[in-house]
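Notes follow once the structure below has been shown.
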Amino acid sequence: YLSEDENAKSFYNYKKSIDAIEQIIADKQTENIDRKRLVETINKQYAGLEISQQVSSNITSLENNNTFSIVTAHQLNVFGGPLYYIYKIAQTISTCNQLKQQFPNYNFVPVYWLGSEDHDFEEINHIHLYNKKIEWTDKQGGATGEYTSNSLLSLIEEIKTILNVDDSNDLIALFKNAYSQPTLTQATRFLVNALFGEYGLVVVDGNDTAFKKQYADVMKDELLNQHSFKLVMEQLSKLETKGYKQQAFPREINLFYLSKNSRERIEYNAESSQYVVLNTEFKFTKEEILSELQNNAERFSPNVILRPLFQQKILPALAYIGGAGELSYWLQLKPVFDFYKVNFPQLILRNSVLFLNSSVSKKIEKIGFQPQDFFKDTEELKKEFIANNTEEDIDVSSYKNELEITFAGYFKENNKFAVVNFPGIQTLPLLTSSSVSSFLLISNGPQLFPKALPERINI
């Protein structure tokens, strides 16, 4: 996808270029987004939380047809989790600013979609701080967004002890205020809003009755017809034919059922003609589960196959910013979007950031590079390193005759030939593959090629 390989072009709609934005806007405008309900629901989610003028303005703006969103999503990692969680949000904000400059007639709202329905507690329950693991052990079960968060307060004291500097006081106070909120969803919204509210970031929780009702038609079709499983399996077959690996595994029914402290898969049992919620006592006939969906849509939760569609159906989103693994499974899903007539967004790989401490910076300087050099191609860097660290030009022509003489008798006696290709030198008969290791041993032994690296020799 990133290199625009011909083999991958059928798996997405738009190139990874800002030039595609106007077409994406035109395509997204054909969809019927319930913007009024979107704004009402987001405002309810923010009730009781102090928000900036930028956030308030962006939420209100979403009701206008010339406003669109750029979205990232992430689980509710405690205390901000791994740094790429922050990078994704920062890039989402930056992308909206860039788009506004290039397309001033439109508004672009950065959105962080809370992964509040995810139930992988071990994925979110820790951070690493100065080589120490701070771990939350209060596993409550079910969707992590529903976890009560006050048991995290004791860990804040542990963080304070590790930091042990006055400069951390504001951060410690922020953590205490955030994790005094009733649930992990509310705590995460509080924390992210405190960090990014001044930049207009809007935090959206998909685990909301109003949003689930908007998605009920898709979930009903999933229960009755399992279209997503068939569509994704066909797409996986195409991907594998072109040499790509599967990233996310589809189920016949790609929905979970939410109950107190539980988020479990729904399966259909053909023998009993019932829908069964695994690891629970919940069982439904066809009529019962459709009634449950109609009356309690919030109890149904899309998995990794249907969550992206849910997000795009609710939001006027043009692009999604995610990690390499995320984008890989999104590329499995285009047929599902096409089937439900929801526009498949542009996919943007999240930025990566590497902090250089003084020790690493000195090492870089010592070998003759500057930090900006590392944005160059790897092979180009290798060539520069060789050039910078070779006192004189390498000339292997003087070794050609020596090699021929050394192995001439062996070639004649054993009737074995191979070709060693030295750039700029005529081809030289050498050993077959059965004896290549012998040549490598000799050539790497008595400094046959002083200061030369293997890149100079193609065997």
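Going by our numbering, the letters in the sequence shown line up with residues 82 to 540, in that order.
Glycine residues also receive a C-beta, built at the ideal position from the N, C-alpha and C atoms.
Restricting attention to Ile386, Asn469 and Ala398, the CA atom closest to the CA of Ile114 is found in Ala398.
By the Cβ criterion, the segment 372 to 386 is in contact with the segment 327 to 334, since at least three pairs of Cβ atoms, one from each stretch, lie closer than 8 angstroms.
Burial check for Lys323: the Cβ neighbour count within 10 Å stays below 16, so the residue is exposed. By alpha-carbon distance to Val190, the top candidate from Gln179, Gly196 and Ser197 is Gln179. Fully enclosed beta strand (DSSP E) runs of no fewer than 3 residues occupy 427 to 430 of the segment 412 to 459, in order along the chain.
Within the DSSP secondary-structure output, Ala398 pairs in a beta bridge with Ser150. Beta-bridge partners of Lys213 (DSSP): Leu210. Shortest Cα-Cα distance from Lys96 to any of Phe450, Leu428, Lys457 and Glu303 involves Leu428. Where Ser382 is concerned, the enclosing beta strand (DSSP E) starts and stops at Phe381 to Pro383. Contact annotation: the segment 158 to 173 touches the segment 401 to 412, with at least three C-beta pairs closer than 8 angstroms. Per DSSP, reduced to three states, the secondary structure at Gly404 is coil, with no helix or strand assignment.
Excluding residues up to 5 positions away in sequence, Pro331 and Glu333 lie with their Cβ nearer than 6 angstroms to the Cβ of Phe310 in the same chain. Between Ile140 and Thr173 a beta carbon distance of about 16 angstroms is seen, past the 8 angstroms cut, so the two are scored as non-contacting. The segment 250 to 258 and the segment 105 to 122 do not touch, with fewer than three beta-carbon pairs separated by less than 8 angstroms. Here the C-alpha atom of Thr290 lies approximately 54 angstroms from the C-alpha atom of Glu461. Secondary structure at Gly161: helix, using DSSP grouped into helix, strand and coil.
Setting aside the 5 residues that flank it on each side, Leu312 is surrounded in the same chain by Pro416, Val417 and Phe420, each with a C-beta closer than 7 angstroms to its C-beta; the list follows chain order. In summary, Gln393 is buried, with 16 or more beta-carbon neighbours lying within 10 Å of its beta-carbon over all protein chains present.
Of Leu412, Ser232 and His200, the smallest CA-CA separation from Glu315 is found for Leu412. The three-state secondary structure of Tyr228, taken from DSSP, is coil. Cβ contact annotation for Ala259 (same chain, cutoff 6 angstroms, sequence separation greater than five): Ala268, Phe271 and Leu272, in chain order. A residue is called buried when at least 16 other Cβ atoms come within 10 angstroms of its Cβ; Val246 does not meet this threshold and is exposed.
Straight-line spacing of the CA atoms in Lys241 and Ser137 works out to 33 angstroms. If you ignore the 5 residues before and after Lys422, its C-beta comes within less than 8 angstroms of the C-beta of Glu112, all in its own chain and listed in chain order.
Of the candidates Tyr211, Thr176, Leu435 and Glu85, Thr176 places its Cα closest to the Cα of Gly281.
Contact annotation: Ile205 and Leu157 have beta-carbon atoms nearer than 8 angstroms. The three-state secondary structure of Leu276, taken from DSSP, is helix. Your pair Phe381 and Tyr410 does not check out as a contact, with CB atoms roughly 21 angstroms apart and the cut at 8 angstroms. Around Thr266, the same chain offers Leu157, Leu195, Ser197, Gly226, Glu227, Asp286 and Asn288 as residues with beta carbons nearer than 8 angstroms, after the five sequence neighbours per side are excluded.
Of all alpha-carbon atoms in Asn147, Leu336 and Ser343, the one lying nearest the alpha-carbon of Phe202 is that of Ser343. Here Glu348 really is in contact with Leu359; their C-beta atoms are around 6 angstroms apart, less than 8 angstroms. Approximately 23 angstroms separates the beta-carbon atoms of Gln262 and Ile395; this is outside 8 angstroms, ruling out the contact. Secondary structure note for Ile237: its alpha helix (DSSP H) is the uninterrupted segment Leu234 to Leu244. With a cutoff of 8 angstroms on beta-carbon distance, Tyr82 and Leu320 are scored as not near each other.
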